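This report refers to the structure that appears directly beneath it.
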Ligand SMILES: *[C@@H]1O[C@H](CO)[C@@H](O)[C@H](O)[C@H]1NC(C)=O
Ligand SMILES: *[C@@H]1O[C@H](CO)[C@@H](O)[C@H](O)[C@H]1NC(C)=O
Ligand SMILES: *[C@@H]1O[C@H](CO)[C@@H](O)[C@H](O)[C@H]1NC(C)=O
C-alpha cells in the first residue's frame, strides 16, 4: 500500500516537471519579434549548454519568473549544474579532444587556485569573469577583513596582504588532501567574449595601470604577428587573434610569464579534466549561479555576492561580430581550434557565424 502511494507521488512529480519543462520550451520559442528591444537582444545570447537541452534552457530572467511559480525553485535548478559536470566528464573522455581538454596539474595550475581553509573551499581564478568579486568573498571568509566593502582595492590582488593563500603554497600531501575533500569551483564565460574582454582590459583601457601590457607584450605580439608591415598603429585585435591561434604560441608565452593567465584556455588555468570540481558557474547566468555556489559551499548565511550590475553578464553577439570583423576566416578558425576544448567542455556553442 505504502509503495503505491510513493509511485503515485512519483508520477505526479514527473508530470509536474514535464509541465515546467514545456513552459520553458514555449517561452524560449516565442516569436522574437514580440519581444521588446532588450529582450530581443537577449534572444541572441549563446546558450551555455550544448545539445538538445540548449534550446530548452530558460534565460536568467525567465528562470526567476518560474522560480516564483514553483514552491521551491531549487527543485529544477541543480539539474543544470549536474549536466554541466556530466558534459565535462564526457568531453574529457573524448580522445579527439584530448590535447585540448587535458593538462598537467602543474605549479601554474596550483598557482591559480585560492584556498579558504576555514570553510574548505578552493576557487580557481579565471580572469575576466568576475574574479575580483569572488576573491573578495573569500578574503572576507578567511577573516582578513570584516566585510567586502572594507577591502581596499589594491589589497585584493596583493597576495602578501589579502590572507588568501594559493594552493601551490602547501606541501604535496596538503594539496592532495584539499583537492580531495574541499568544495571546488570556478566561473567561465563564452571563450571568445572573454578574449575580447581581456584584450580591451589589458591593451586598450588598462585601468589597473599595468604598463608592461602595452609597452612590452603588445610590441612582442606585433613584431611576430602583424600582417601589414607598414601599419604602425598599436596592437589590434587581429594581431592578438593571430598570436593566440598560432600553434607555436608557447614561444612567446614563455616570454610573457604569468601575464598569459588573461588569455590562455580555461583548461590550462584550472585543469577541469584532472580536478573534479564541485560546481562550474557561468558568467551568463551569474545571477543564479553565484547564490547557488554560496549555498553549495555552505557560506550563503555568511556572505553574499556583490550586486551584479544589470546587463553586464549577457552575451553580446554584436560585440563579438564587431571585434572579429575584417579578421581572416583562417585566423579565426585557428583561434577556434585552440579554444575548442573550452567551447566543448563548458557547453558554449561553436561560433559558426564567425567561422563560415
Ligand atoms: C596531441 O599532442 C601530441 C603531443 O604533443 C601529438 O603527438 C599528437 O599528435 C596530438 N594529437 C592530436 C589529436 O592533435
Ligand atoms: C597597410 O597599412 C597601411 C597604413 O595603415 C595602409 O595604408 C595600407 O593600405 C595597408 N595595406 C594593406 C594591404 O592593407
Ligand atoms: C553590445 O555591443 C555593442 C558593440 O560593442 C554595443 O554597442 C551594445 O550597446 C552592446 N549591447 C548591450 C546590450 O550591451
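Numbering (mature numbering (1 follows the signal peptide of the UniProt record, and there is no 0)), first residue to last: -21 to -1, 1 to 335. Glycine residues also receive a C-beta, built at the ideal position from the N, C-alpha and C atoms. All figures in this text were calculated on a predicted structure; none of them were measured in a lab.
| field | Exposure of residue 19, with buried meaning 16 or more beta-carbon neighbours within 10 Å | value | Because residue 19 sits at a pLDDT of 26, beneath the cut-off of 50, its placement in the model cannot be relied upon, and the following sentence gives the value as read from the coordinates. It counts as exposed.
| query | Just to check, is the beta-carbon of residue 210 closer than 7 Å to a non-hydrogen atom of ligand 2? | reply | yes
| message | Taking 8 Å as the cut-off, does the segment 162 to 178 touch the segment 298 to 318 (at least 3 CB pairs, one atom from each stretch)? | response | yes
| field | For residue 200, the three-state DSSP class (helix, strand or coil) | value | helix
| Hey, quick one: how far does the alpha helix (DSSP H) through residue 88 stretch, first residue to last? | 86 to 91
| said: Rounded to the nearest angstrom, what separates residue 163 and residue 146 at their Cα positions? | reply: 12 Å
| task | Going by CA-CA distance only, name the one from 327, 95, 248, 295 that's closest to residue 149. | result | That would be 95, whose Cα lies nearest to the Cα of residue 149.
| task | Indicate the three-state DSSP secondary structure (helix, strand or coil) for residue 24 in the structure shown. | result | Unreliable placement is indicated for residue 24, whose pLDDT of 30 sits below 50; the coordinate value is still reported in the next sentence. Looking at residue 24 - three-state DSSP - the assignment turns out to be coil, as it is neither helix nor strand.
| task | Could you tell me the distance, in whole angstroms, from the CA atom of residue 258 to the CA atom of residue 185? | result | 31 Å
| Is residue 207 near ligand 2, judged by its Cβ being under 7 Å from some heavy atom? | Yes.
| query | Start and end of the beta strand (DSSP E) containing residue 135? | reply | Not the beta strand (DSSP E): residue 135 falls in the alpha helix (DSSP H), residues 132 to 135.
| query | Near residue 126, what residues of its chain come up, given a Cβ to Cβ distance below 7 Å and the 5 sequence neighbours on each side ignored? | reply | 119
| N- and C-terminal bounds of the alpha helix (DSSP H) containing residue 178 | For residue 178, the enclosing alpha helix (DSSP H) covers residues 170 to 178.
| query | How many angstroms separate the CA atom of residue 121 from the CA atom of residue 226? | reply | 41 Å
| query | Since residue 105 and residue 314 are thought to touch, with beta carbons under 8 Å apart, how far apart are those beta carbons, to the nearest angstrom? | reply | In fact, because the Cβ distance is near 18 Å, the residues do not count as touching under 8 Å.
| task | Determine the contact status of residue 101 and residue 143, defining contact as a CB-CB distance below 8 Å. | result | no
| query | Quick one: what's residue 260 bridged to in DSSP? | reply | Per DSSP, 166.
| said: Is residue 290 a contact residue of ligand 3, with contact defined as CB to any heavy atom under 7 Å? | reply: yes
| Residues of its chain near residue 241, where Cβ-Cβ distance is below 7 Å and the 5 sequence neighbours each way are ignored | 106, 107, 177, 181
| task | Put residue 29 into one of helix, strand or coil per three-state DSSP. | result | Low confidence applies to residue 29: its pLDDT is 36, below 50, so where it sits in the model is not reliable enough to give any reading.
| Euclidean distance between Cα positions of residue 26 and residue 328 | Below a pLDDT of 50, predicted positions are generally treated as unreliable, and residue 26, at 34, falls in that range; the measurement from the model is reported next regardless. Computed Cα separation, rounded: 7 Å.
| query | How long is the line joining the alpha carbons of residue 11 and residue 271, rounded to whole angstroms? | reply | Only weak support exists for where residue 11 lies, its pLDDT of 31 falling under 50; the value from the coordinates is given anyway. For residue 11 and residue 271, the distance between alpha carbons rounds to 29 Å.
| ligand 3 heavy atom lying under 7 Å from the CB of residue 301 | yes
| Can you tell me whether residue 208 is buried or exposed, with buried defined as 16 or more other CB within 10 angstroms of its CB? | exposed
| field | Selection from 72, 229, 268, 308 that minimises the alpha carbon distance to residue 58 | value | Closest by C-alpha distance to residue 58, out of 72, 229, 268, 308, is 268.
| request: Under 8 Å by Cβ, that's how I've got residue 246 and residue 82 pegged, so tell me the actual separation to the nearest angstrom. | output: 5 Å
| Cβ-heavy atom distance between residue 293 and ligand 3 below 7 Å? | yes
| message | Rounded to the nearest angstrom, what separates residue 114 and residue 308 at their Cα positions? | response | 37 Å
| Proximity test, residue 179 beta-carbon vs ligand 3 heavy atom, cut-off 7 Å | no
| query | Measuring from the CB of residue 298, is there a heavy atom of ligand 3 at a distance below 7 Å? | reply | yes
| Ordered along the chain, which non-local residues of its own chain (more than five positions away) have a Cβ less than 7 Å from that of residue 154? | 89, 146
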